[in-house]
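Student: Handing you this structure, nothing more for now.
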Amino acid sequence: MVKSKFVYLKCSRCGKRFRGATRTEALEKLRKHLWKEHRDWMIARIKAGIRKAKKKAGNPRIIGFLEAPLIEKITGRPYEEVKAQVLDAFVRLLLSGISRP
Ligand SMILES: [Zn+2]
Numbered sequence: 002m003v004k005s006k007f008v009y010l011k012c013s014r015c016g017k018r019f020r021g022a023t024r025t026e027a028l029e030k031l032r033k034h035l036w037k038e039h040r041d042w043m044i045a046r047i048k049a050g051i052r053k054a055k056k057k058a059g060n061p062r063i064i065g066f067l068e069a070p071l072i073e074k075i076t077g078r079p080y081e082e083v084k085a086q087v088l089d090a091f092v093r094l095l096l097s098g099i100s101r102p
């Protein structure tokens, strides 16, 4: 029995088959076909992927390793206010290293 030396991939949208000497080659052909024939679907898929990645990145309300609720609990003040002050202090610290008033 002779083994086929080609790799076959099927388009999940229209069922068209693509042949490549390697999986990479077949994938490349499929990718080109997807962009040509199913462009809108590809764009929708990429957008969904970005949304997923953003969700995974998690809560951006963090100063260092301190989470917003913890900061509010410690300081008894709104997180945004504390964050602004921390940033101000940090900027002053940076500037004071360059030029003193
Ligand atoms: Zn297709």
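Residue numbers (this note's numbering): 2 to 102.
For glycine and all other residues, C-beta sits at the position ideal for the given N, C-alpha and C.
Values in this document were obtained by computation on a predicted structure and should not be read as measured data.
If you draw a straight line from the alpha carbon of LYS48 to that of ASP41, how long is it in whole angstroms?
Tutor: Spanning the two alpha carbons is a distance of roughly 11 Å.
Student: Nearest-angstrom Cα distance between LEU71 and ILE51?
Tutor: One C-alpha to the other measures close to 29 Å.
Student: Look up LYS11 in the DSSP assignment and give the residues it is bridged to.
Tutor: According to DSSP, which records beta bridges pairwise, LYS11 is partnered with ARG18.
Student: Apart from the five residues on each side of it in sequence, which residues of its chain come closer than 8 Å, Cβ to Cβ, to GLU29?
Tutor: Excluding positions up to five away in sequence, the list reads GLY21.
Student: Could you check whether the Cβ of ARG14 sits closer than 7 Å to any heavy atom belonging to ligand 1?
Tutor: ARG14 Cβ: within cutoff of ligand 1.
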